[in-house]
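Visitor: Here the sequence shown is numbered in my numbering, starting from 54 and rising by one per residue. Every residue, glycine too, gets a C-beta built ideally from N, C-alpha and C. A quick note: this is a predicted structure, and the numbers were derived from the prediction, not measured. Structure incoming, see below.
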Amino acid sequence: MAQGRFITFEGIDGCGKTTQLRILAARLREAGREVVETVEPGGTETGRQIRKILLDPANTAIHPRTELLLYFASRAQNVEEVIRPALAAGHLVLCDRFTDSTLAYQGYGRGLSAGIVHDLDRVACQGLKPDCTVLIDIDIETSMARAKKRNQRTGPEESRIDEEGSEFHSNVRRGYLEIAAADSPRFLVIDGRAPVATVAERVWEALAAHV
Ligand code: TMP
């Protein structure tokens, strides 16, 4: 049976990757592709429970290593329950964040070593790597303004990480750009400051060769 393709979307908070993932999924379905959308953390019932713990701003005592393990716990479940079966069935899997998020946020943001992230990735993902990663890049000011707006709209239940200061988010953004530069064949880096439809067109054109 045909092996599917695994495409991940990455970027700092408020970059617009979730909107772009949904637009791409709809367009691919219109073109007749079987598409599975998933998200990290979350994507399974177990993952959704872990997501609540991770993003609840009331959980101020979570240690960076606990945070790291919880992100990978959610991912391990998603890989087993959703992603691998969908790929084995020949589907295209679009995942909103994956291990590059952990490298950027827990590595560059929290200061944990990349070695630990790679070790846990081997345990949680059992060798599964994205075929292609779309990194939507925006500046920190736009990121923080959009995240604030979103939290005002949806409430603060998921704001524990995006309430971190601008230095944290600057480190995460720098992390993403370094990760992408070090693995450039896998990454498509797209400027996320343009209007949604323009970014969507760029994502579509850039991904044409991969899907
Ligand atoms: P989301 O709002 O894009 O769904 O992401 C949830 C938050 O979790 C976001 O602030 C980024 C953060 N995050 C990490 O810190 N590490 C990770 O491994 C993942 C997947 C997300």
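Tell me whether Glu220, by its Cβ, gets closer than 7 Å to a heavy atom of the ligand TMP.
Guide: no
Visitor: Would you check whether the ligand TMP has a heavy atom nearer than 7 Å to the C-beta of Asp190?
Guide: no
Visitor: Less than 8 Å between the C-beta atoms of Arg118 and Ala177, yes or no?
Guide: No, Cβ-Cβ distance for Arg118 and Ala177 is not below 8 Å.
Visitor: Can you tell which of Glu93, Arg227, Tyr229 and Pro238 has its C-alpha closest to the C-alpha of Arg104?
Guide: Glu93
Visitor: Can you grab the Cα-Cα spacing for the pair Val242 / Ile106, in whole Å?
Guide: 31 Å
Visitor: Consider the C-beta atom of Pro94 and the heavy atoms of the ligand TMP; say whether any pair is separated by less than 7 Å.
Guide: Yes, the beta carbon of Pro94 sits closer than 7 Å to at least one heavy atom of the ligand TMP.
Visitor: Can you grab the Cα-Cα spacing for the pair Met54 / Leu140, in whole Å?
Guide: Since pLDDT at Met54 reaches only 46, below the 50 mark, its modelled position is unreliable, and the value read off the structure follows with that caveat. Taking the straight line from one Cα to the other gives about 10 Å.
Visitor: Helix or strand or just coil, what does DSSP make of Ile189?
Guide: Judged by DSSP in its simplified three-state form, Ile189 adopts strand.
Visitor: Could you give the uninterrupted runs of the alpha helix (DSSP H) lying entirely in the segment 149–229, keeping only those of 4 residues or more?
Guide: 152–155, 167–178 and 193–207
Visitor: Taking Cβ to Cβ, would you say Thr33 is nearer than 8 Å to Val170?
Guide: Here the chain covers residues 54 to 264 and nothing more, so residue 33 does not appear.
Visitor: Write down the C-beta distance between Thr186 and Asn131 rounded to the nearest angstrom, noting that I regard them as a contact closer than 8 Å.
Guide: Not confirmed; about 16 Å, so no contact.
Visitor: Beta carbon of Tyr229, beta carbon of Leu188: below 8 Å?
Guide: yes
Visitor: Counting only the same chain and skipping the five closest in sequence on each side, list residues whose C-beta sits under 6 Å from that of Leu81.
Guide: Val88
Visitor: So if DSSP puts Ile60 in a beta bridge, which residue, or which two residues, is it bridged to?
Guide: Leu147 and Cys185
Visitor: Quickly, what does DSSP pair His241 with across the bridge? List them, please.
Guide: Position check: residue 241 holds Leu in this sequence, whereas His was assumed. Secondary-structure assignment with DSSP links Leu241 through a beta bridge to Val187.
Visitor: In the DSSP output, what is Glu90 paired with across the bridge?
Guide: Leu147
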